[in-house]
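Chains as they are written, first to last, in the working numbering: chain A, 16 to 110; chain B, 16 to 110. The block underneath contains the structure these notes are about, expressed in structure tokens.
Number of protein chains: 2
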Amino acid sequence: MDTCEYAKIFKALGDETRLKIFEMLRGGELCACKILENLNITQPTLSHHMKILCECGIVMARKDWKWTHYSLNCALLSGLIAHLGDTKCRRNTEE
Amino acid sequence: MDTCEYAKIFKALGDETRLKIFEMLRGGELCACKILENLNITQPTLSHHMKILCECGIVMARKDWKWTHYSLNCALLSGLIAHLGDTKCRRNTEE
DNA sequence: TTGTCGTATAGATATTTGTCAATATAATAG
DNA sequence: CTATTATATTGACAAATATCTATACGACAA
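So this is what it looks like as structure tokens:
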């Protein structure tokens, strides 16, 4: 995973609507129609956002008959968290 | 910290140039001129990016004589990591 | 086949964004 | 005062983006 891919994830999460979707999915898998119910956007707009979330890898799609179910890619999320956590953070009081 | 503020942070990190800056700062505090040396952008463009990084709170500026030193806001970063880590991530194999 | 339902794509448009050159600002030195 | 140095701001512009309406696609039902 290089910097460019992380940038893609951050960019995906950097839109308020998509971050809301991300937060919804943190509770577990959801179908597109359920997500749509909780947002004030049209269906094509949701489809557009889901594509972006899937293309960066942080969200996965699963088709089940007519419905598409979305869930977080937990492995990728864990990797991202681990990467962020690997930061040299000194206590601000001293060098 | 509400969702909107996280979106601002993610948006800030969603640009490749700014993510590079973020990665540089993970190694510790740096002056603007040092950051500029490692990027192929002009000084005004760097200034613009630093403003965005500071406005979302993830980067802090410290003026010392003629130089401005930038460093990560470790408290905010920790909060972000904790938030992300608080995700209900099931093993993908079972319900 | 025709209709319905959930989702995706195409095309248009207004807004946002990243970048630059030019200029300003603030602090210091002489 | 003037000159220098590091950084910030302004204004312009091309590229990217979020959103919509209209339409297409795919799966199933009758």
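Note that CB positions come from ideal geometry on N, CA and C, so glycine has one too. Just so you know, these numbers come straight off a predicted model, no measurement behind them.
Between the region 82-100 of chain A and the region 45-52 of chain A there are three or more inter-stretch CB-CB distances shorter than 8 angstroms, so the stretches are counted as touching.
Legend: CB atoms of the region 38-51 of chain A lying less than 8 angstroms from CB atoms of chain B belong to residues GLU38, ARG41, GLY42, GLY43. Per DSSP, the unbroken alpha helix (DSSP H) holding ARG33 (chain A) starts and ends at 31-40. Nearest in C-alpha terms to LYS23 (chain B), of all of A:LEU28, A:ILE36, A:ALA22, is A:LEU28.
The residue among B:LEU61, B:LEU68, B:PHE25 with its C-alpha nearest the C-alpha of SER86 (chain B) is B:LEU68. Residue state for THR83 (chain A) is assigned as strand, using DSSP reduced to three classes. At a cut-off of 8 angstroms between beta-carbon atoms, LEU87 (chain A) makes contact with chain B. Here CYS46 (chain B) carries a strand assignment [DSSP, helix/strand/coil]. Between the region 47-67 of chain A and the region 59-76 of chain B there are fewer than three inter-stretch CB-CB distances shorter than 8 angstroms, so the stretches are not counted as touching. With respect to the 8 angstroms criterion, LEU92 (chain A) and TYR21 (chain A) are not classified as neighbours on the basis of their beta carbons. When Cβ-Cβ separations below 8 angstroms define contact, LEU92 (chain B) makes contact with chain A.
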